[in-house]
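One line per chain: the protein sequences are E and L, in this order. First residue of the first sequence: 0, per numbering that gives the first Met the number 0; consecutive thereafter. First residue of the second sequence: 0, per numbering that gives the first Met the number 0; consecutive thereafter. Notes for the one structure printed next.
There are 2 protein chains.
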Amino acid sequence: MAVCEILSVGTEILLGDILNTNSRYLSAELAKLGISVLRHTTVGDNHERLAAALKTALSRSDIVITTGGLGPTEDDITRDVCCEVMGFETQFNSDIAKGIEEYFSAKGIDMPASNLRQAYVPKGGEVFENTKGTAPGLGMKKDGKCVVILPGPPYEMAPMFEQSVIPYLEEYTDGAIASMTVRTMGIGESAMAEKAADLLESENPTVAPYAKKGEALLRVTAKAGSRSEALELCRPVVDEICSRLGSFVYGIDSESIEQRVVELLKENNMTIATAESCTAGYIPKRITDIPGASSVFEFGAVTYSNEMKHKVLGVSNETLARFGAVSEPTAREMARGIRRVSGADIGISVTGIAGPGNDGTDKPVGLCFIALSAKDAELCEKIETGKNDREYNRYVTASRALNLARLYIEQKTKG
Amino acid sequence: MAVCEILSVGTEILLGDILNTNSRYLSAELAKLGISVLRHTTVGDNHERLAAALKTALSRSDIVITTGGLGPTEDDITRDVCCEVMGFETQFNSDIAKGIEEYFSAKGIDMPASNLRQAYVPKGGEVFENTKGTAPGLGMKKDGKCVVILPGPPYEMAPMFEQSVIPYLEEYTDGAIASMTVRTMGIGESAMAEKAADLLESENPTVAPYAKKGEALLRVTAKAGSRSEALELCRPVVDEICSRLGSFVYGIDSESIEQRVVELLKENNMTIATAESCTAGYIPKRITDIPGASSVFEFGAVTYSNEMKHKVLGVSNETLARFGAVSEPTAREMARGIRRVSGADIGISVTGIAGPGNDGTDKPVGLCFIALSAKDAELCEKIETGKNDREYNRYVTASRALNLARLYIEQKTKG
């Protein structure tokens, strides 16, 4: 099995200014190709350290993929250092230069002269077209080793990888690993792991638990001659896990709770509407992350103040005065209200205290109420995350509100 | 200046299942302490490779901070490997065990026996309390080298770093670097860099350009005896950059466009309301990412269908039929509508085609209209990102709508 390392280049990553999402993307893609990723490394825009890291990586691995440091400015050194370490000369490519000039003229912007740095490529290497920006990707193969050089911006790097790099790596892709991930909500990581304790001992596939904001996951990974054979090894184990964990399981693989809910709504020709206080747009944002959500979602109301909860959703002023905005009665009236106003089949609502401060009452940060209103049911759940973490509380509460919709639809369509 | 490496542990990172946000967080925090981060490395849950990576990192650097691999399950090996490499014995700590038991009983859950693995600590080392979970952090110092072991979940790791690790690293923090970042919107990276071309040559502070979704940034970094001295070196350069880039500059440092808008609204006692189609909750989500946004934001409407644009915001059916949902007239009527319905001082709206598919017309993916309505002004802008990237298009359009509010308030309060 071919072994790869990912080498990210950029002082801005080491300073914490930007988040390295490329390594994650490339790792997931390489796993699908059956190429094993053994290490991620990040170094700054420093000639000596980049060269040392590349040499070390090449001494251990078949393939090194770099991202970043191909920009138009002086501190972008990846191209030169990689060519130097691999022993390739660089040469000016006038087709690329022309493409860069056209890119700017199509945008009606004058091209800064420095952009022409991006037209230098390794002699005898491969050039990968950049359909989203100006810096082309580059590939070099020598003595069984392969270096792939990709631009840093994720929206340039990812399409280039899919279109050009996957075919370039073909000779390295015999044998494959495949993973399937069972995703649960409402059970903790260690409780989940105990239910699958014997499976965690197995070798091929292996089973590994991990936790993710408000979720607990089990990853099943198998190796075989092909990706489809590896998946065949995973499936019975995944089925066994699902039967043990029952309705805690909401999805398989990268499927998110929002994706599952949109699927269920589509399958059952149902629509959903959202009424939010503390999550303030997070739920419709996540629902509409799913392309095609417009057939199941038409309206969401972010009612951040009591006045708007009353005016838009019809939450009674008495309820707000007596129980407060963060209460079960308010959550229920919000869900009923949004269903009435929108005409959707399901209304879901969230009201809570995301932190950092509380709402002036003695209610704790992390306390949230989620509710669901439908023609034949009304549900409400109290959530206490115990964390003073605004983003965590909002994300998890939004997830749990979506999960309430999943549980309702699954229950309804099962019976 | 002390040198540090960050070593992340977790096969799930190398498989691309989770995104490594810890390295970014720690890098930003260490930079503030004047500790230079030279490398990020990620290895899997593999004894031999983790031990090798730790030894190499210790041979180059004063401090190594690990994250991950402290969970309750068998594949969590970081604690044992680090103690072994540093030559520390482990011992059972009954206070920690008691704390873990209490954590579970407070949640009303039975403690899985495997959680007691987390009560083993290095003899002669330091224990860092985990206020958000069960695995304590650990510290070991020997022969001038320091290893800090932190849990993987970011919401456990970050507070532990702030409360316990910063004081633990005190002896390494003399001398400091400081960075200031100038953030712009509406100008490209290379055009921005050209305006600051001479500054990019300077040594202390250094100036480096980079691009981020829909933004172009210039980072100014200085080294000095103390953090405040380093900041003093940065400030005149930042001022010079701001004067050259004018109203393209929306903020300094980590300030986001939503933060800037919330600040401006607060300063001027104004309120904002949002009406969204394609961004569908992204703008209120981002406004309310800022704690205390409730004083400036009360209501947002996500009107994903034409019917809801008409019913909730009063967009005329004639406008929708004649120009379509993705048009300047619709964007303007949405902004006016939300201002009227909410009673806010400023209404902003977005309607566009986020992709992957278009809207059945010949309008291209990435075409969006943003509008602003206020008592004394109405603005509208057409945006064409040229990208078929749903998340990018939604993020950038939301940013630009917020930027429209910034430009309006800055202009109004200047005059």
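Where is the CB? At the ideal position from N, CA and C, for every residue including glycine.
By how many angstroms is the C-alpha of Ala300(E) removed from the C-alpha of Tyr281(L)? 13 Å
Interface partners of Phe298(L) on chain E, CB under 9 Å: Those within 9 Å of Phe298(L) in chain E are Ala300, Val301, Thr302, Tyr303, Ser304, Glu306, Met307, Lys310 and Val311.
Chain-ordered chain E contacts of His39(L) [CB-CB under 8 Å]: Ser7, Ile12, Leu13, Asn19, His39, Thr40 and Thr41
Just to make sure I have the definition right: I need the residues of chain L whose C-beta is within less than 8 Å of the C-beta of Tyr394(E). Which are they? Here the premise fails: no neighbours, minimum Cβ distance about 10 Å.
Which complete alpha helix (DSSP H) runs does the region 75-108 of chain L hold, if anything under 4 residues is left out? 77-85 and 93-105
Does the separation of the CB atoms of Thr133(L) and Phe103(L) fall below 9 Å? yes
Sequence ranges, beta strand (DSSP E) only - wholly within the region 282-314 of chain L, length at least 3: 296-302
Could you spell out where the alpha helix (DSSP H) holding Leu69(L) opens and where it closes? In the DSSP assignment, Leu69(L) falls outside any alpha helix (DSSP H), carrying neither H nor E.
At what residues does the alpha helix (DSSP H) containing Glu47(L) begin and finish? His46 to Arg59
What is the C-beta distance between Val248(L) and Val206(L), in whole angstroms, given that I count them as a contact (C-beta under 8 Å)? The C-beta distance from Val248(L) to Val206(L) rounds to 14 Å, too long to fall under 8 Å, and the pair is not in contact.
For chain E, find out if any of its Cβ atoms is closer than 9 Å to the Cβ of Ile286(L); answer yes or no. yes
Assuming Ser189(L) and Ser113(E) are in contact, meaning their beta carbons sit under 8 Å apart, how far apart are those beta carbons, in whole angstroms? 6 Å
Using a beta-carbon distance below 9 Å, is Val36(E) in contact with chain L? yes
Taking just the CA atoms, how far does Pro111(L) sit from Ile289(L)? Per the coordinates, the alpha-carbon of Ile289(L) lies some 38 Å from the alpha-carbon of Pro111(L).
What are the partner residues of Met110(L), as DSSP defines its beta bridges? Met110(L) is not bridged to any residue.
Give, in chain order, every residue of the region 194-228 of chain E whose Cβ lies closer than 7 Å to some Cβ of chain L. Leu199, Ala207, Pro208, Tyr209, Ala210, Lys211 and Arg218
Using a threshold of 9 Å, state whether the C-beta atoms of Ile165(E) and Lys222(E) are closer than that. Not closer than 9 Å, so no.
To the nearest angstrom, report how far apart Ser225(L) and Thr172(L) are at their CA atoms. 9 Å
Residue-chain proximity (Thr273(E), chain L), Cβ-Cβ < 9 Å: yes
Please check if any C-beta of chain E sits within less than 9 Å of the C-beta of Ala404(L). no
With H, G and I counted as helix, E and B as strand and the rest as coil, what does DSSP make of Gly136(L)? Strand, per DSSP.
Would you mind reading off the limits of the beta strand (DSSP E) that contains Tyr249(L)? Val248 to Ile251
For the alpha helix (DSSP H) containing Ser398(E), name the first residue and the last one. Run containing Ser398(E): Arg389 to Lys413, per the alpha helix (DSSP H) assignment.
How about Phe368(E) and Ser326(E): do their beta carbons lie closer than 9 Å? Yes, the pair counts as a contact, with Cβ atoms nearer than the cut-off.
CA-to-CA distance, Ile256(L) to Gly250(L), given in whole angstroms: Gly250(L) and Ile256(L) have their C-alpha atoms some 7 Å from each other.
Counting only beta-carbon atoms, is Thr180(L) nearer than 9 Å to chain E? Among the CB atoms of chain E, one or more fall inside 9 Å of the CB of Thr180(L).
Does any residue of chain E bring its CB to less than 9 Å from the CB of Asp375(L)? no
Meets three-Cβ-pair contact criterion under 8 Å: the region 312-321 of chain L and the region 357-373 of chain L: A contact is defined here as three or more CB-CB pairs under 8 Å, and the region 312-321 of chain L fails this definition with respect to the region 357-373 of chain L.
Contacts that Ala56(E) makes with chain L (C-beta to C-beta distance below 7 Å): The contacting residues do not exist; Ala56(E) stays about 11 Å from chain L at best.
Under 8 Å Cβ-Cβ, which residues of chain E neighbour Ile282(L)? Gly280
Is it buried or exposed, Glu297(L), if we count other Cβ atoms within 10 angstroms and call 16 or more buried? buried
What are the complete alpha helix (DSSP H) segments, minimum 4 residues, inside the region 158-202 of chain L? 188-194
Using a beta-carbon distance below 9 Å, is Glu28(E) in contact with chain A? Of the protein chains in this structure, namely E and L, none is chain A.
Counting only beta-carbon atoms, is Ser113(E) nearer than 9 Å to chain L? yes
Under DSSP, the beta strand (DSSP E) around Leu244(E) begins and ends at which residues? First-last for Leu244(E): Arg226 to Leu244, but that is the alpha helix (DSSP H), not the beta strand (DSSP E).
Would you kindly work out how many angstroms separate the C-alpha atoms of Ile62(E) and Ser163(L), rounded to a whole number? C-alpha separation (whole angstroms): 40 Å.
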